[in-house]
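K.L.:
In the working numbering, the protein residues as written are 29 to 175.
Before we start, here is the structure in question, set down as structure tokens.
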Amino acid sequence: MTIAWRFAIAAALLLPLSVVAWAQDELLKDVRSLPPHLHSVHSGGYWEHGNQDGFYRIVVMAGGFEHVIARLYVQWVSTDQGTRDYKIIRTVNVTEFNGGGASVIQPALRFTPGAKNLQVALAVTWRDGKTEKRALTVMPDGRYTLK
């Protein structure tokens with residue numbers, strides 16, 4: 029076997045390792061760029077509306093010094109078929125919680141096979157120390173209901 033062939037075989041064997049290392053570096057760069065006030069992200073479910081489809085994402089942001097204030101957002105995420113990258117289609121501010129009164133918001137996603145709506149159980153602690161449980165239903169068309 030010639031040196032050229034040995035080099036070609038070694039390069040072919042090492043190429044997948046370099047692709048994995050590059051992907052890990054890109055993900056690490058993404059994680060490092062996340063804002064410090066990002067408290068939690070929960071992704072899942074499936075939505076389809078018009079000619080788009082994807083998954084839901086529930087985002088909790090929290091910040092403050094003496095009084096922590098939590099905010100809740102819902103996102104509809106799709107895969108761009110041309111670039112194969114994720115694309116945020118819509119972001120909705122859940123105004124019932126984002127007026128500054130909630131100090132902790134803990135979402136728990138509930139999945140039902142075949143369901144188009146996402147069910148989210150919420151435990152919300154208000155600044156006065158009271159805790160309540162709520163149910164958020166997220167729909168494919170960009171709407172939500174809260175009970």
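Just so it is clear, CB atoms sit at the ideal spot from N, CA and C, and this is done for glycine as well.
Can you give the Cα-Cα distance for residue 157 and residue 136, rounded to whole angstroms?
P.N.:
On the sequence shown, position 129 is the one that residue 157 refers to. On the sequence shown, position 108 is the one that residue 136 refers to. The alpha-carbon atoms of residue 157 and residue 136 are separated by roughly 20 Å.
K.L.:
Using the three-state DSSP reduction, which class does residue 161 fall into: helix, strand or coil?
P.N.:
For this step, residue 161 is matched to residue 133 along the sequence shown. Strand, per DSSP.
K.L.:
Under a Cβ-count criterion, where at least 16 other Cβ atoms within 10 Å of its own Cβ denotes burial, should residue 98 be classed as buried or exposed?
P.N.:
Within the sequence shown, the letter at position 70 stands for residue 98. It counts as buried.
K.L.:
Evaluate residue 148 with the Cβ neighbour count: other Cβ atoms within 10 Å of its Cβ, from every protein chain shown; 16 or more gives buried, anything less gives exposed.
P.N.:
Position 120 of the sequence shown, counted from the first residue, corresponds to residue 148. So residue 148 ends up on the buried side.
K.L.:
Tell me whether residue 175 sits in a helix, a strand or coil according to DSSP, three-state version.
P.N.:
As a working note, residue 175 is residue 147 in the sequence shown. The answer is coil: DSSP assigns residue 175 none of H, G, I, E or B.
K.L.:
So which of 159, 59, 155, 140 has the shortest CA-CA distance to residue 165?
P.N.:
The sequence position of residue 165 within the sequence shown is 137, counting from 1. For the residues 159, 59, 155, 140, the minimum Cα distance to residue 165 belongs to 140.
K.L.:
Taking the alpha-carbon positions, what's the residue 17 to residue 100 distance?
P.N.:
In the structure as shown, the chain starts at 29 and stops at 175, and residue 17 therefore has no counterpart that could be examined.
K.L.:
What does a CB cutoff of less than 6 Å around residue 118 pick up in its chain, not counting 5 residues either side in sequence?
P.N.:
Here residue 118 is taken as the residue at index 90 of the sequence shown, counted from 1. The residues are 104, 170.
K.L.:
Which residue's Cα is closest to the Cα of residue 152: 168, 145, 126?
P.N.:
Residue 152 sits at position 124 when you count from the first residue of the sequence shown. That would be 126, whose Cα lies nearest to the Cα of residue 152.
K.L.:
Give me, in chain order, the residues of the same chain whose beta-carbon lies closer than 8 Å to that of residue 69; leave out the 5 immediate sequence neighbours on both sides.
P.N.:
Within the sequence shown, residue 69 is the residue found at index 41, counting from 1. Correct list, in chain order: 85, 86, 87, 88.
K.L.:
Rounding to the nearest angstrom, what Cα-Cα distance links residue 130 and residue 160 in this structure?
P.N.:
In the sequence shown, residue 130 corresponds to position 102, counting from 1. In the sequence shown, residue 160 corresponds to position 132, counting from 1. The straight-line gap from Cα to Cα measures roughly 10 Å.
K.L.:
Quickly, what does DSSP pair residue 147 with across the bridge? List them, please.
P.N.:
Numbered from 1 along the sequence shown, position 119 holds the residue referred to as residue 147. Partner(s): 138, 165.
K.L.:
How is residue 58 classed by DSSP in three states: helix, strand or coil?
P.N.:
Looking up residue 58 in the sequence shown gives position 30. Of the three classes helix, strand and coil, the one that applies to residue 58 here is helix, per DSSP.
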